[in-house]
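To start, the structure under review is shown below, and the notes come after it.
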Amino acid sequence: MNYVVVSSIGAVFMGFFVLFVRMKAAKKPTNAKKIILPPFFMSSGALMYVVPEFRLTPMEIGEAVIVGMLFSILLIKTSNFEIRDNDIYLKRSKAFIYILVGLLILRLILKAILSSTIDIGQLSGMFFLLAFSMIVPWRVAMYRSYMKLYRQLHPKN
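The sequence shown finishes on residue 157 if you use UniProt numbering, and the numbering steps up by one all the way, no holes.
Given below as structure tokens:
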């Protein structure tokens, strides 16, 4: 079976997993750890760059980082917190679901197009870097927003 097809199927399952986790997370209060830890866990994936097939050129790095940061804007705009019952919750956003599905579809289209001109290893490296470059700014923005509300709930005496 073609690597592009297998990885695309994996991406679809991961996308639905993220949607499920996001919906579940909105039902429980959040904390700084839940916001900060996912990028750290994801960073272990950078070990792929030890293998020469996954290494990127400076141009590919720049493209992946810029696109990832642009995509993060959509996630940042749809991730808001609210204070309920003296706890901080992530607000549900219907737009988030559509944006996440839209980004997933765009990713699949880009992968199908780019797989004909870019080696599958490098393409995997680019999409990992794109995802990481999207998640880090999003989580930093979420953390800052969370801390604003946290300081409201716990003012310094």
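Just so you know, even glycine gets a beta-carbon here, dropped at the ideal spot from N, CA and C.
Quantities reported herein were computed from a predicted structural model and do not represent experimental measurements.
Check your understanding: Which ranges does the beta strand (DSSP E) cover as unbroken runs of at least 3 residues, wholly within the region 78 to 119, from first to last along the chain?
Key -> Correct list: 81 to 84, 87 to 90.
Report back the beta-carbon spacing between Phe40 and Met48 to the nearest angstrom; my notes put them in contact at under 8 Å. For this step, residue 40 is matched to residue 40 along the sequence shown. For this step, residue 48 is matched to residue 48 along the sequence shown. Not confirmed; about 16 Å, so no contact.
inquiry  = According to DSSP, simplified to helix, strand and coil, what is Asp11?
reply    = As a first step, residue 11 must be located in the sequence shown, where it is residue number 11. In the sequence on display, residue 11 carries Ala and not Asp. Assignment of Ala11 by DSSP, reduced to helix, strand and coil, places it in the helix class.
- Do the CB positions of Ile88 and Phe81 come within less than 8 Å of each other? Working through the sequence shown from its first residue, we reach residue 88 at position 88. Working through the sequence shown from its first residue, we reach residue 81 at position 81. Taking 8 Å as the Cβ cut-off, Ile88 and Phe81 qualify as a contacting pair.
- prompt: First and last residue of the alpha helix (DSSP H) that includes Met42?
  reply: As a first step, residue 42 must be located in the sequence shown, where it is residue number 42. Run containing Met42: 32 to 42, per the alpha helix (DSSP H) assignment.
Measuring CB to CB, does Leu130 end up less than 8 Å from Ala26?
Residue mapping note: residue 130 aligns to position 130 of the sequence shown, counting from 1. Residue mapping note: residue 26 aligns to position 26 of the sequence shown, counting from 1. No, the Cβ-Cβ distance between Leu130 and Ala26 is not below 8 Å.
> Just to confirm, are Thr78 and Ile99 a CB contact at a threshold of 8 Å?
Replying inline: In the sequence shown, counting from the first residue as 1, residue 78 sits at position 78. In the sequence shown, counting from the first residue as 1, residue 99 sits at position 99. Yes, these two residues count as a Cβ contact at 8 Å.
*asked:* What would DSSP say about Lys24, mapped onto helix, strand or coil?
replied: Start at 1 with the first residue of the sequence shown, and residue 24 comes out as number 24. In this structure, Lys24 counts as helix in the three-state DSSP scheme.
- Just to confirm, are Met59 and Ser133 a CB contact at a threshold of 8 Å? By one-based count along the sequence shown, residue 59 stands at place 59. By one-based count along the sequence shown, residue 133 stands at place 133. Against a cut-off of 8 Å, the Cβ pair of Ser133 and Met59 comes out as no contact.
Does Ile66 pass the burial test, meaning 16 or more other C-beta atoms within 10 Å, or should it be called exposed?
As a position in the sequence shown, residue 66 is number 66, starting the count at 1. So Ile66 ends up on the exposed side.
- Task: Please classify Ser124: is it buried, with 16 or more other beta-carbons within 10 angstroms of its beta-carbon, or exposed?
- Result: Stepping through the sequence shown from its first residue, residue 124 is reached at position 124. Ser124 is buried by the Cβ-count criterion.
ask   = How should Ile35 be labelled, buried or exposed, when 16 other C-beta atoms within 10 angstroms of its C-beta is the threshold for buried?
value = For the purposes of this step, residue 35 is taken as residue 35 along the sequence shown, with counting starting at 1. By the 10 Å Cβ count, Ile35 comes out buried.
Rounded C-alpha distance that separates Ile76 from Arg92: Mapped onto the sequence shown, residue 76 falls at position 76. Mapped onto the sequence shown, residue 92 falls at position 92. Rounded to the nearest angstrom, the two C-alpha atoms are 13 Å apart.
Checklist entry - How about Leu56 and Gln122: are their beta carbons less than 8 Å apart? => result Mapped onto the sequence shown, residue 56 falls at position 56. Mapped onto the sequence shown, residue 122 falls at position 122. For Leu56 and Gln122, yes; Cβs fall inside 8 Å.
**Residues of its chain near Tyr150, where Cβ-Cβ distance is below 8 Å and the 5 sequence neighbours each way are ignored** = Taking the sequence shown and counting its residues from 1, one reaches residue 150 at position 150. Around Tyr150: Ala32, Ile88.
Q. In whole angstroms, what is the alpha-carbon distance linking Ile83 and Gly10?
A. Here residue 83 refers to the residue found at position 83 of the sequence shown. Here residue 10 refers to the residue found at position 10 of the sequence shown. Going by the C-alpha atoms only, they are around 35 Å apart.
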